Amino acid sequence: MDTPNTGQRATQNITDTSAQDIKIAPKKGNRPYWLGAVIITCILLLYWSIAPAVSSWQSSDTSVSAKRIHLSTVVRGDLIRDLSVQGRVVAAVSPRLYSPAQGTINLLVDAGDSVQKDQVIAQVDSPELTNELQQEESSLQKLKMELDRQRIQSKKQALENQKAADLAQVALIAAQREKRRADKAFSTQSISQIDFEKAQDELENAKLVFRHAQQDADLSKESLAFEVQSKQLLVKRQALMVSDLSRKVDKLDIRSPVNGIVGNLAAEQKNQVAKNQAILSVVDLSEFELEVDIPESYADDLAINMPAIVGINGVNHLAILVTISPEIENNQVTGRVRFATKDEAGTALSQPQGLRQNQRLTTRILMEKRPDVLMLSRGQFLESGAGRIAYVVEGNIARRTDITTGARSLSSVEVVSGLRANQDVIISSTEQFNDAQTVLITQ
Numbered sequence: 006m007d008t009p010n011t012g013q014r015a016t017q018n019i020t021d022t023s024a025q026d027i028k029i030a031p032k033k034g035n036r037p038y039w040l041g042a043v044i045i046t047c048i049l050l051l052y053w054s055i056a057p058a059v060s061s062w063q064s065s066d067t068s069v070s071a072k073r074i075h076l077s078t079v080v081r082g083d084l085i086r087d088l089s090v091q092g093r094v095v096a097a098v099s100p101r102l103y104s105p106a107q108g109t110i111n112l113l114v115d116a117g118d119s120v121q122k123d124q125v126i127a128q129v130d131s132p133e134l135t136n137e138l139q140q141e142e143s144s145l146q147k148l149k150m151e152l153d154r155q156r157i158q159s160k161k162q163a164l165e166n167q168k169a170a171d172l173a174q175v176a177l178i179a180a181q182r183e184k185r186r187a188d189k190a191f192s193t194q195s196i197s198q199i200d201f202e203k204a205q206d207e208l209e210n211a212k213l214v215f216r217h218a219q220q221d222a223d224l225s226k227e228s229l230a231f232e233v234q235s236k237q238l239l240v241k242r243q244a245l246m247v248s249d250l251s252r253k254v255d256k257l258d259i260r261s262p263v264n265g266i267v268g269n270l271a272a273e274q275k276n277q278v279a280k281n282q283a284i285l286s287v288v289d290l291s292e293f294e295l296e297v298d299i300p301e302s303y304a305d306d307l308a309i310n311m312p313a314i315v316g317i318n319g320v321n322h323l324a325i326l327v328t329i330s331p332e333i334e335n336n337q338v339t340g341r342v343r344f345a346t347k348d349e350a351g352t353a354l355s356q357p358q359g360l361r362q363n364q365r366l367t368t369r370i371l372m373e374k375r376p377d378v379l380m381l382s383r384g385q386f387l388e389s390g391a392g393r394i395a396y397v398v399e400g401n402i403a404r405r406t407d408i409t410t411g412a413r414s415l416s417s418v419e420v421v422s423g424l425r426a427n428q429d430v431i432i433s434s435t436e437q438f439n440d441a442q443t444v445l446i447t448q
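Heads up: the sequence shown begins at 6 in the working numbering, then just goes up one per residue.
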């Protein structure tokens with residue numbers, strides 16, 4: 006049978022297709038190249054960002070967190086050296102009234118009463134002073150009467166002197182007439198030589214008497230005028246004494262010197278008071294001042310008429326330092342600050358309203374103004390470095406710098422040397438740096 010042979014032949018007739026295949030070379034991909042480039046770029050960027058920090062860290066002596074420091078920029082401007090103190094509102098005018106004489110006091114008002122200027126608020130009953138005034142008034146009347154008597158006596162004496170001078174003049178005229186008669190008779194040999202000489206002597210005697218009478222009258226006139234003037238001076242002196250006593254008696258009615266309210270009463274009703282003993286005080290509520298306690302260390306830097314600023318309810322009011330106590334008590338000097346009535350331009354200013362006695366207010370006394378200087382905000386770095394060391398920030402590095410400081414205000418300090426404008430400086434405490442030359446500032 007031919008069947009098995011058939012299968013073998015079929016197998017031999019099937020042809021392999023491998024001869025028709027085309028060998029294709031595998032395609033190379035680009036992914037490893039761009040992936041490597043990205044990795045290299047990231048490494049470079051990371052290096053560039055880390056290298057400065059690493060370099061700064063290697064070059065710095067210590068490091069500090071930026072959250073632990075405070076920075077301030079050096080600026081140029083006007084530095085105002087000032088002093089902040091607490092002030093107590095007091096009445097600018099608060100006169101205390103005293104007894105003008107010894108006597109019994111009669112109070113016409115009570116503490117807290119409103120009074121007007123020149124209103125009688127108390128009386129002092131002083132019988133001694135009143136009696137003395139009456140005695141001096143009587144003495145004045147007596148002296149006036151003596152003056153009038155002296156004037157009458159002077160007129161009478163002047164009249165007597167004038168009478169004597171007139172009689173002497175009449176006698177002189179008669180002697181002159183007799184002399185002319187004697188001259189005529191002697192020329193005709195009607196009288197003797199002796200009678201002629203006698204007539205001459207009588208004429209000379211009359212002239213002498215008349216001259217003396219005139220001199221006596223003039224001298225007596227001056228003497229009488231002097232006596233009258235002396236009496237006038239005595240009267241004037243006594244009148245001044247009476248006027249002074251009258252003034253003292255009028256002062257027994259104690260009047261209010263200002264419009265205001267009665268303060269504390271220093272004497273009890275109907276009590277005996279001595280001369281110059283305190284009676285009461287009157288407070289003028291129309292004008293207030295501030296009494297400030299200034300530290301002793303600033304006493305030598307203060308002067309009268311220094312400007313000041315008083316803060317009241319968020320509003321600043323101009324004021325002037327008007328008094329400084331020469332005494333030091335409890336390491337403080339007491340001063341008085343008065344509200345200004347005009348500003349620098351001469352514009353009138355109104356007084357602050359709503360002030361109360363003993364109210365506490367913050368006052369800034371402007372001691373000095375330095376124009377166009379380098380300034381830096383005050384901070385603990387001044388105490389840490391004694392005002393001679395500062396750390397200037399450049400990027401993330403703070404470098405130790407020697408500086409010189411000048412005047413200081415409440416918020417700023419003058420920089421004399423060592424810094425420039427627009428530089429950033431650490432103003433917080435620098436004790437933690439331990440005098441390091443460079444400090445790395447970390448985030």
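The beta carbon of each residue, even a glycine, is placed where N, CA and C say it ideally should be. None of the values given here were measured: they were computed from a predicted structure.
Taking the straight line between their C-alpha atoms, what separation do you get for G4 and A96?
Because the chain is modelled from 6 through 448, residue 4 falls outside the range shown and cannot be assessed.
Taking R408 as the reference, give the member of Q139, V397, K212 and A218 with the closest Cα.
Against the sequence shown, residue 408 aligns to sequence position 403. The question names Arg, but residue 408 in the sequence shown is Ile. Answer by Cα proximity: V397.
Mind checking which residues open and close the beta strand (DSSP E) that includes V247?
Your numbering for residue 247 matches position 242 in the sequence shown. Taken as a continuous stretch (DSSP letters only), V247 belongs to no beta strand (DSSP E), being part of the alpha helix (DSSP H) at Q198 to D255.
Under the three-state DSSP convention, the category R156 falls into
To locate residue 156, count along the sequence shown from 1; it is residue 151. Correct three-state label for R156: helix.
In terms of residues, what are the limits of the beta strand (DSSP E) holding F438?
Residue numbering aside, residue 438 sits at position 433 when the sequence shown is read from its first letter. Run containing F438: none; DSSP gives neither H nor E here.
Measuring CA to CA, which of I48, I44, N281 and V69 is closest to I431?
As a first step, residue 431 is located in the sequence shown; it is residue number 426 there, counting from the start. Nearest option by C-alpha distance: V69.
Environment of D87 [buried if 16+ CB atoms lie within 10 Å]:
Counting from 1 along the sequence shown, the entry for residue 87 is found at position 82. Buried.
If you compare alpha carbons, which of N166, V338, S104 and S225 is closest to D306?
Within the sequence shown, the letter at position 301 stands for residue 306. Across the set N166, V338, S104 and S225, the C-alpha of V338 shows the shortest separation from the C-alpha of D306.
If you check the beta carbons only, do D289 and G265 fall under 8 Å apart?
In the sequence shown, residue 289 corresponds to position 284, counting from 1. In the sequence shown, residue 265 corresponds to position 260, counting from 1. Their beta carbons are under 8 Å apart, which means D289 touches G265 by this criterion.
My assumption, with CB atoms under 8 Å, is that L381 sits in contact with V418. Please give the rounded CB distance.
What you label residue 381 is simply residue 376 of the sequence shown in a count that begins at 1. What you label residue 418 is simply residue 413 of the sequence shown in a count that begins at 1. 6 Å between Cβ atoms; contact.
Sorted by chain position, which residues of the same chain lie with C-beta nearer than 7 Å to A190's C-beta, five sequence neighbours on each side aside?
Along the sequence shown, read from residue 1 onward, the residue named residue 190 stands at position 185. Result list for A190: I196, in chain order.
With 16 as the cutoff for other CB atoms within 10 Å, does Q428 come out buried or exposed?
Start at 1 with the first residue of the sequence shown, and residue 428 comes out as number 423. Under this definition Q428 is a buried residue.
Hey, R260 and I110: beta-carbon distance below 8 Å or not?
Against the sequence shown, residue 260 aligns to sequence position 255. Against the sequence shown, residue 110 aligns to sequence position 105. No.
Answer yes or no: do E296 and G423 have a C-beta to C-beta separation smaller than 8 Å?
Taking the first residue of the sequence shown as position 1, residue 296 is located at position 291. Taking the first residue of the sequence shown as position 1, residue 423 is located at position 418. Cβ distance not < 8 Å, so E296 and G423 don't count as in contact.
How is V98 classed by DSSP in three states: helix, strand or coil?
Here residue 98 corresponds to residue number 93 of the sequence shown, with the count starting at 1. Judged by DSSP in its simplified three-state form, V98 adopts coil rather than helix or strand.
Give the range of the beta strand (DSSP E) segment to which S70 is assigned.
Your numbering for residue 70 matches position 65 in the sequence shown. S70 -> beta strand (DSSP E) spans T67 to S70.
Pick out the complete beta strand (DSSP E) segments inside the segment 358 to 402, 3 residues or longer, and give them in chain order.
Runs of the beta strand (DSSP E) inside the segment 358 to 402: 365 to 382 and 394 to 399.
Anticipated Cβ contact below 8 Å, R375 with L84, distance rounded
Along the sequence shown, one-based indexing puts residue 375 at 370. Along the sequence shown, one-based indexing puts residue 84 at 79. Contact holds; Cβ gap of about 4 Å.
By how many angstroms is the C-alpha of R425 removed from the C-alpha of D377?
Translated into the one-based positions of the sequence shown, residue 377 becomes position 372. Translated into the one-based positions of the sequence shown, residue 425 becomes position 420. Taking the straight line from one Cα to the other gives about 13 Å.
Count the other CB atoms, across all protein chains shown, that sit within 10 Å of the CB of P105; report buried if there are 16 or more and exposed otherwise.
Position 100 of the sequence shown holds residue 105. With 16 or more neighbouring CB atoms inside 10 Å of its own CB, P105 falls in the buried class.
Considering only the beta carbon of each residue, do L285 and A271 sit closer than 8 Å?
Residue mapping note: residue 285 aligns to position 280 of the sequence shown, counting from 1. Residue mapping note: residue 271 aligns to position 266 of the sequence shown, counting from 1. Result yes, Cβ atoms of L285 and A271 sit closer than 8 Å.
Nearest-angstrom Cα separation, counted from E273 out to E142:
Position 137 of the sequence shown, counted from the first residue, corresponds to residue 142. Position 268 of the sequence shown, counted from the first residue, corresponds to residue 273. Near 33 Å, if we compare the C-alpha coordinates of E273 and E142.
Grab me the residues of A179's own chain with a C-beta within less than 8 Å of its C-beta, minus the 5 sequence neighbours each way, in chain order.
Against the sequence shown, residue 179 aligns to sequence position 174. For A179, same chain residues with a beta-carbon under 8 Å away, outside a window of 5 residues either side, are A211 in chain order.
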